[in-house]
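Notes for the one structure printed next.
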Amino acid sequence: MKKWKSPKPNQRRRRETTTTGDRDVVEEGNFTSESAQILIGEIMGYNRDLENINDVQTKMKNIIDVLGRI
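Counting in our numbering, the sequence shown runs from 12 upward without gaps.
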């Protein structure tokens, strides 16, 4: 998973986050195209992880069904 990186030194901005429940909220003024790309990449990684978990669950259910027929 990629970590947030600062823009070029002459364009450096602070990343301010506040925690609300289980979510980090990036203040609108500090939301850049670069940070959006990073967030999209993280979301895609999490989505891939969830798909892998769902595949494992499906395989486990199939195994249980087969064992139940024996």
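Each residue gets a CB set at the ideal place from its N, CA and C atoms; glycine is no exception. These figures come from a predicted structure and were not determined experimentally.
- The DSSP-derived three-state label of residue 64 is helix.
- DSSP places residue 69 within a helical segment (H, G or I) once states are collapsed to three.
- Residue 69 and residue 77 have their C-alpha atoms spaced approximately 12 Å apart.
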